[in-house]
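Here is the structure we will look at, set down as C-alpha cells.
2 protein chains.
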Amino acid sequence: MRKTYAQTIPAEWQQYSQLFAALGDLERQRILLTFEPGETLNVTDLTRASSLSRPTVSHHLKLLCEAGVLEREKRGREVHFRLRADALIERLQTVIDYLGEHR
Amino acid sequence: MRKTYAQTIPAEWQQYSQLFAALGDLERQRILLTFEPGETLNVTDLTRASSLSRPTVSHHLKLLCEAGVLEREKRGREVHFRLRADALIERLQTVIDYLGEHR
DNA sequence: TTCTCATGTCGAAAAATATCGACTATTTTG
DNA sequence: CAAAATAGTCGATATTTTTCGACATGAGAA
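Which chain is which? The protein sequence lines are F and X, in order.
Going left to right, the first sequence walks through residues 145 to 247 as the working numbering numbers them.
Going left to right, the second sequence walks through residues 145 to 247 as the working numbering numbers them.
Here it is in C-alpha cells:
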C-alpha cells in the first residue's frame, strides 16, 4: 500500500484529474460530440446546438480549454474552437501505459 | 456540426461520462494511487491512508465501483477492493479508438 | 462614429456533491 | 452470549459546480 499519495499528488497527475473532470460532465460531452472530424465551431454555433445559455456554454468551453481538450483561436470578433484529438489520444495513452506497467 | 447529441447522448457514452467523473476527483485519485499492482485493500486500510473519514472514503469507493474502476469483494467482515486495471485499459482504449477514427 | 454582432466576465441563485457524526447490521473474537 | 471490529446508511451541513441575466469589451458594418 502506497501512503505517499494520501496527502499530495504529483502535478503531473493533477493534470489528469483536471482532464477527467472536464470529460466527466454530460453537458461538456454533448459539446465535444457536436464537433465533426477536424471541424471548427464558434460559441454561437455551439450555443445553438445546445439547450444551455451562451454564458454557460462559454463556461464549459473555458474548462475544456484549460483541460487541454479544446483549442481556442480568435478570428475577428469570433472565437473558434477545435477538438485537440491528437493531444487527447496521447494523454489517454499515457494513462493506459501507466496502468499497463502497474497492473 | 452534429446536432444529434444536443439533447440526448447514447447510453454507451453516458457510461464514459460516469467513468471520467469518477476519475476526475483528487480524493478518488489519491485512493486509486494507493493501490500497489494487484493489491487488495479494505476500507480501514484506505481510511488510514487518507485524511478523510471512513464514511467519506466509503462513499468514494462506492462511486469508483459503480464506475467500474474498482472491484468489490466481501471477505468475512471485511470488504476488499481491487483496481480493475485491465477493464480500465480496455475502456480507455475504446475512447482512443473512437478519437482516432474521428480525428 | 454609431450600430450591431460575438464573447467574456461578474454576481447571485440553484443544483449537485462531498463530508461527517450517529446509528445499524454483520461477523469474528473472547 | 457479550464485546469488538468492519463497513454501510442516513440526515444534516458545508463546499463546489452549474446556470443565468446583466453588464463590459472589442471587432466589423453601416
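Glycine is no exception: its CB is placed at the ideal position from the N, C-alpha and C atoms.
Cβ-based neighbour list, residue i, same chain, cut-off 6 Å, excluding 5 preceding and 5 following
| i | result |
| --- | --- |
| Leu185/F | Phe225 |
Inter-residue Cα distance where the pair is residue i and residue j
| i | j | result |
| --- | --- | --- |
| Asp189/F | Ala211/X | 32 Å |
| Ala193/X | Glu245/F | 23 Å |
| Arg228/X | Ser197/F | 39 Å |
| Ile153/F | Thr191/F | 36 Å |
| Gln159/X | Gly220/X | 31 Å |
| Arg235/F | Thr238/X | 14 Å |
| Lys218/X | Tyr242/X | 36 Å |
| Ser195/F | Ser195/X | 40 Å |
| Pro199/X | Pro199/F | 37 Å |
Residue j beta carbon less than 8 Å from that of residue i
| i | j | result |
| --- | --- | --- |
| Val201/X | Val223/X | no |
| Ala150/X | Arg216/F | no |
| Thr178/F | Arg146/X | yes |
Proximity to residue i [Cα-Cα], best of the options
| i | options | result |
| --- | --- | --- |
| Ile240/F | Leu232/X, Glu156/X, Lys206/X, Leu176/X | Leu232/X |
| Asp230/X | Ile153/X, Pro181/X, Ala193/X | Pro181/X |
| Leu214/X | Pro199/X, Leu176/X, Ile153/X | Leu176/X |
| Gln162/X | Arg247/X, Glu183/X, Lys206/X, Ser195/X | Lys206/X |
| Arg247/F | Pro199/X, Leu243/X, Glu183/X, Ser195/X | Glu183/X |
| Trp157/F | Gly168/X, Leu243/X, Pro199/X, Lys218/X | Gly168/X |
Residues of its chain near residue i, where Cβ-Cβ distance is below 7 Å and the 5 sequence neighbours each way are ignored
| i | result |
| --- | --- |
| His204/X | Glu171, Arg172, Ile175 |
| Ala155/X | none |
Distance between beta carbons of residue j and residue i, contact taken as under 8 Å
| i | j | result |
| --- | --- | --- |
| Ala165/F | Leu208/F | Not quite, the Cβ-Cβ distance comes to about 11 Å (not below 8 Å), so this is no contact. |
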